[in-house]
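Sequence lines, in order, name chains A and B. Per the working numbering, the first sequence runs over residues 83 to 406. Per the working numbering, the second sequence runs over residues 6 to 301. Even glycine gets a Cβ: it sits at the ideal position worked out from N, Cα and C. Heads up, the thing below is written out as structure tokens.
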Amino acid sequence: MTQKIILAVEGLKTYFFTRAGVVKAVDGVSFSVKEGESLGIAGESGCGKSITCLSIVRLVPQPAGRIISGKILFEGQDLLVKKEKEMRQWRGKRISMILQDPLTSLNPCYTIENQVSEPYKIEGLNNGSNNIRKKVINVLKRVRIPSPERRMRDYPFQFSGGMRQRVLAAIAIARDPRLLIADEPTTSLDVTIQDQFLRLLKDMQQQTNMGLVMITHDLGIVAETCDRVAIMYAGKIVERGTVENVFLNPAHPYTEALMEALPKMGSKRKRLFQIEGEPPNLLRLPGGCSFWPRCHKAMDICQTQSPPVISLKNGGEASCWLLC
Amino acid sequence: MSQTVKTEQDQPIGKTFSFMFVFKRYPIIPALCLLPVIICGIFGPLFYPHDPTMMNLGSALKPPAFLPGGEFSYFLGTDHMGRDLLSRLIEGARISLLISVFGVLLSGLIGCSLGMLAGYMGGKADEVIMRVVDAQMSIPAILLTILLAAALGVGVTTIIVAISVVFWTGYARVIRGETVSLKQREFVVLAKVTGCSKARILIRHIFPNLISTITVLATLQLGRAILIEASITFLGVGLQPPDTAWGLMISEGRMYMATAWWIPTFAGLAIMATVLGSNLMGDWLRDKFDPKLRQL
Numbered sequence: 083m084t085q086k087i088i089l090a091v092e093g094l095k096t097y098f099f100t101r102a103g104v105v106k107a108v109d110g111v112s113f114s115v116k117e118g119e120s121l122g123i124a125g126e127s128g129c130g131k132s133i134t135c136l137s138i139v140r141l142v143p144q145p146a147g148r149i150i151s152g153k154i155l156f157e158g159q160d161l162l163v164k165k166e167k168e169m170r171q172w173r174g175k176r177i178s179m180i181l182q183d184p185l186t187s188l189n190p191c192y193t194i195e196n197q198v199s200e201p202y203k204i205e206g207l208n209n210g211s212n213n214i215r216k217k218v219i220n221v222l223k224r225v226r227i228p229s230p231e232r233r234m235r236d237y238p239f240q241f242s243g244g245m246r247q248r249v250l251a252a253i254a255i256a257r258d259p260r261l262l263i264a265d266e267p268t269t270s271l272d273v274t275i276q277d278q279f280l281r282l283l284k285d286m287q288q289q290t291n292m293g294l295v296m297i298t299h300d301l302g303i304v305a306e307t308c309d310r311v312a313i314m315y316a317g318k319i320v321e322r323g324t325v326e327n328v329f330l331n332p333a334h335p336y337t338e339a340l341m342e343a344l345p346k347m348g349s350k351r352k353r354l355f356q357i358e359g360e361p362p363n364l365l366r367l368p369g370g371c372s373f374w375p376r377c378h379k380a381m382d383i384c385q386t387q388s389p390p391v392i393s394l395k396n397g398g399e400a401s402c403w404l405l406c
Numbered sequence: 006m007s008q009t010v011k012t013e014q015d016q017p018i019g020k021t022f023s024f025m026f027v028f029k030r031y032p033i034i035p036a037l038c039l040l041p042v043i044i045c046g047i048f049g050p051l052f053y054p055h056d057p058t059m060m061n062l063g064s065a066l067k068p069p070a071f072l073p074g075g076e077f078s079y080f081l082g083t084d085h086m087g088r089d090l091l092s093r094l095i096e097g098a099r100i101s102l103l104i105s106v107f108g109v110l111l112s113g114l115i116g117c118s119l120g121m122l123a124g125y126m127g128g129k130a131d132e133v134i135m136r137v138v139d140a141q142m143s144i145p146a147i148l149l150t151i152l153l154a155a156a157l158g159v160g161v162t163t164i165i166v167a168i169s170v171v172f173w174t175g176y177a178r179v180i181r182g183e184t185v186s187l188k189q190r191e192f193v194v195l196a197k198v199t200g201c202s203k204a205r206i207l208i209r210h211i212f213p214n215l216i217s218t219i220t221v222l223a224t225l226q227l228g229r230a231i232l233i234e235a236s237i238t239f240l241g242v243g244l245q246p247p248d249t250a251w252g253l254m255i256s257e258g259r260m261y262m263a264t265a266w267w268i269p270t271f272a273g274l275a276i277m278a279t280v281l282g283s284n285l286m287g288d289w290l291r292d293k294f295d296p297k298l299r300q301l
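Following this line, the structure appears as structure tokens:
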């Protein structure tokens with residue numbers, strides 16, 4: 083079965099021009115998402131995951147941030163050459179996003195019904211408020227909010243964190259997007275609610291066959307929900323491949339170190355492995371491979387030249403001099 | 006719930022039923038100051054004892070009823086033309102209310118729209134609007150009002166326009182600041198992601214969150230507007246004699262301070278009560294809208 087590629091990002095570069103210098107938040111990132119597939123983008127905080135997402139919907143914080151080069155092909159069309167007005171019609175309708183913090187993402191002034199009906203109103207659905215109400219109830223049912231007829235009259239502060247995240251999911255899927263970007267959707271939820279919510283996401287994806295980009299720093303979430311994964315470090319993707327391959331046979335030393343740092347069940351309790359040093363300052367990246375100061379397999383060439391992207395035997399890709 | 010369970014809410018500060026508690030909960034003092042003015046302003050013509058502009062030189066400079074020589078029918082006395090002061094006070098409330106309410110509304114409309122625009126758009130629009138605000142704020146309000154009144158000619162409309170032109174900067178500055186902080190909130194990002202246009206975000210998502218601020222500001226500005234109106238009328242560029250206004254009463258009564266103190270005094274008290282009332286109301290509203298104090 084060949085699935086259609088929905089989103090293909092090629093050589094995306096998003097830089098921030100600040101007083102202190104140019105911050106290369108996203109520096110030549112490429113990946114693709116197929117229909118019904120979920121891609122995890124994982125990495126430390128500040129490695130450019132969120133900015134990658136915001137670049138896709140063209141909402142990079144202005145005026146400092148700018149997309150320098152690259153292509154974002156969504157269903158074959160380059161989003162970067164689109165006009166803002168055209169782009170706005172695609173947001174929400176074709177590409178949706180679930181934001182990080184459900185506690186602040188809802189407008190405190192309006193009822194849930196009011197906010198969930200917004201996507202429909204934007205669409206210009208004007209055949210009666212009853213019709214919209216039915217749709218709202220429907221979509222709230224899809225995200226499994228119990229007794230939506232009653233709950234939708236409540237205000238956000240009357241909802242718990244998990245419930246609010248579901249409301250956000252409802253807003254995101256209201257217009258049946260082809261691609262859903264979830265930017266750390268579960269960071270502010272506790273584990274049991276996390277699990278429920280991830281299952282909900284998976285189910286929704288299977289129902290509608292949409293593509294899912296899951297941004298997270300939690301490798302457990304990646305393992306649980308994603309088909310493929312891209313590991314980011316300092317604005318670059320250092321390794322990508324299927325979840326199985328990347329987790330079981332990491333090719334890049336950074337991925338390897340990340341896996342090493344995960345606590346394992348059953349093994350004797352000892353101090354967890356730790357990646358020495360700190361993530362680099364994006365203003366002053368080390369020359370060559372960004373990871374070499376922390377890499378215990380670093381060679382001389384790593385310090386001077388950035389590594390090429392190598393295709394692995396198992397179908398993945400990684401960029402490291404060790405693999406040459 | 007069983008009776009034995011007593012939550013904290015069952016016995017708030019109100020259990021020891023104190024006056025402070027009542028004053029915090031209900032705007033009693035501001036209401037006492039403002040209600041008479043509002044009632045007089047709206048229903049004044051129905052109950053003033055005399056025609057406020059009718060002169061009767063035979064009964065000029067009569068003292069208030071509670072002083073020797075006073076007459077009950079002229080409860081607060083009469084001025085140098087024999088006009089009933091109580092009726093004039095009531096009529097003055099109409100003018101003051103009219104000017105301040107419309108002045109505050111108009112300036113609020115201008116100030117809030119420009120403030121929201123500056124805050125949300127940022128960049129050049131922000132620079133231009135806020136520099137105009139800065140420039141205008143460096144000119145004393147009274148001076149600017151006098152200039153405008155002199156340029157536009159005297160009259161109620163002129164004063165309303167002048168007050169709007171002077172006051173919009175106050176709104177613009179506060180609203181801009183609030184908008185800047187609101188536009189970084191996540192729900193605005195969500196609105197963008199959902200595909201809202203800029204106008205929609207401003208009107209539907211940012212404006213409702215500003216309403217409490219605007220209400221507080223407007224109430225505080227109301228007092229200032231009354232004061233400005235009275236000041237310029239006192240200075241002679243505001244309303245002119247056939248009209249009745251508090252500022253005018255003070256200005257006319259100034260000469261009789263030594264012999265008939267009641268002419269400027271009651272008008273002054275009326276101004277003071279109204280301004281105090283609207284300031285206190287503003288404070289009360291601010292506390293009311295503050296979620297941290299809302300429990301009280």
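So what does DSSP say about residue i, is it helix, strand or coil?
{"i": "isoleucine 87/A", "result": "strand"}
{"i": "alanine 102/A", "result": "coil"}
{"i": "glutamate 399/A", "result": "strand"}
{"i": "arginine 30/B", "result": "helix"}
{"i": "threonine 386/A", "result": "coil"}
{"i": "alanine 264/A", "result": "strand"}
{"i": "aspartate 89/B", "result": "strand"}
{"i": "tyrosine 53/B", "result": "coil"}
{"i": "isoleucine 407/A", "result": "Given that chain A is displayed from residue 83 to residue 406, the structure contains no residue 407/A and the question cannot be resolved."}
{"i": "arginine 173/A", "result": "strand"}
{"i": "lysine 203/A", "result": "helix"}
{"i": "tyrosine 125/B", "result": "helix"}
{"i": "tyrosine 192/A", "result": "coil"}
{"i": "glycine 200/B", "result": "coil"}
{"i": "aspartate 109/A", "result": "strand"}
{"i": "serine 143/B", "result": "coil"}
{"i": "lysine 95/A", "result": "strand"}
{"i": "aspartate 160/A", "result": "strand"}
{"i": "methionine 179/A", "result": "strand"}
{"i": "serine 372/A", "result": "coil"}
Ends of the alpha helix (DSSP H) at residue i?
{"i": "arginine 224/A", "result": "211-224"}
{"i": "serine 270/A", "result": "Note, serine 270/A: premise wrong, no alpha helix (DSSP H); not H, not E."}
{"i": "tyrosine 315/A", "result": "Taken as a continuous stretch (DSSP letters only), tyrosine 315/A belongs to no alpha helix (DSSP H), being part of the beta strand (DSSP E) at 310-315."}
{"i": "threonine 238/B", "result": "212-240"}
{"i": "arginine 322/A", "result": "Counting along the chain, arginine 322/A falls outside any alpha helix (DSSP H), though it belongs to the beta strand (DSSP E) covering 318-324."}
{"i": "leucine 281/B", "result": "267-294"}
{"i": "glycine 258/B", "result": "251-258"}
{"i": "methionine 347/A", "result": "Neither: methionine 347/A is in no alpha helix (DSSP H) and is coded neither H nor E."}
Kindly indicate the opening and closing residues of the beta strand (DSSP E) around residue i.
{"i": "valine 295/A", "result": "293-298"}
{"i": "phenylalanine 156/A", "result": "147-156"}
{"i": "isoleucine 357/A", "result": "Where isoleucine 357/A is concerned, there is no enclosing beta strand (DSSP E), given that its DSSP letter is neither H nor E."}
{"i": "alanine 124/A", "result": "120-125"}
{"i": "isoleucine 392/A", "result": "391-393"}
Using the Cα positions of residue i and residue j, report the straight-line distance between them to the nearest angstrom.
{"i": "threonine 224/B", "j": "asparagine 284/B", "result": "7 Å"}
{"i": "methionine 25/B", "j": "isoleucine 33/B", "result": "11 Å"}
{"i": "lysine 293/A", "j": "isoleucine 87/A", "result": "The question names lysine, yet the displayed sequence has glycine at residue 293/A. In a straight line, the C-alpha of glycine 293/A is about 9 Å away from that of isoleucine 87/A."}
{"i": "arginine 88/B", "j": "phenylalanine 80/B", "result": "12 Å"}
{"i": "threonine 199/B", "j": "valine 139/A", "result": "10 Å"}
{"i": "lysine 217/A", "j": "serine 199/A", "result": "8 Å"}
{"i": "leucine 121/A", "j": "valine 325/A", "result": "9 Å"}
{"i": "glutamate 257/B", "j": "leucine 66/B", "result": "12 Å"}
{"i": "glutamine 171/A", "j": "histidine 210/B", "result": "19 Å"}
{"i": "aspartate 292/B", "j": "leucine 215/B", "result": "15 Å"}
{"i": "alanine 312/A", "j": "arginine 376/A", "result": "20 Å"}
{"i": "leucine 222/A", "j": "alanine 278/B", "result": "53 Å"}
{"i": "phenylalanine 265/B", "j": "leucine 274/B", "result": "The residue asked about is misnamed: residue 265/B is alanine in this sequence, not phenylalanine. Spanning the two alpha carbons is a distance of roughly 15 Å."}
{"i": "cysteine 191/A", "j": "aspartate 258/A", "result": "26 Å"}
{"i": "alanine 196/B", "j": "glutamine 85/A", "result": "31 Å"}
{"i": "isoleucine 151/B", "j": "isoleucine 165/B", "result": "12 Å"}
{"i": "methionine 59/B", "j": "glycine 97/B", "result": "15 Å"}
Would the C-beta of residue i count as close to the ligand ADP, meaning under 7 Å from any of its heavy atoms?
{"i": "isoleucine 216/B", "result": "Among the ligands in the structure shown, none appear at all, so the ligand ADP cannot be discussed."}
Measure how close the beta-carbons of residue i and residue j come, nearest whole angstrom, since I'm counting them as under 8 Å.
{"i": "methionine 254/B", "j": "proline 269/B", "result": "7 Å"}
{"i": "threonine 238/B", "j": "leucine 244/B", "result": "5 Å"}
{"i": "glycine 125/A", "j": "histidine 299/A", "result": "7 Å"}
{"i": "leucine 262/A", "j": "isoleucine 253/A", "result": "No, leucine 262/A and isoleucine 253/A are not in contact; Cβ-Cβ is about 11 Å, not under 8 Å."}
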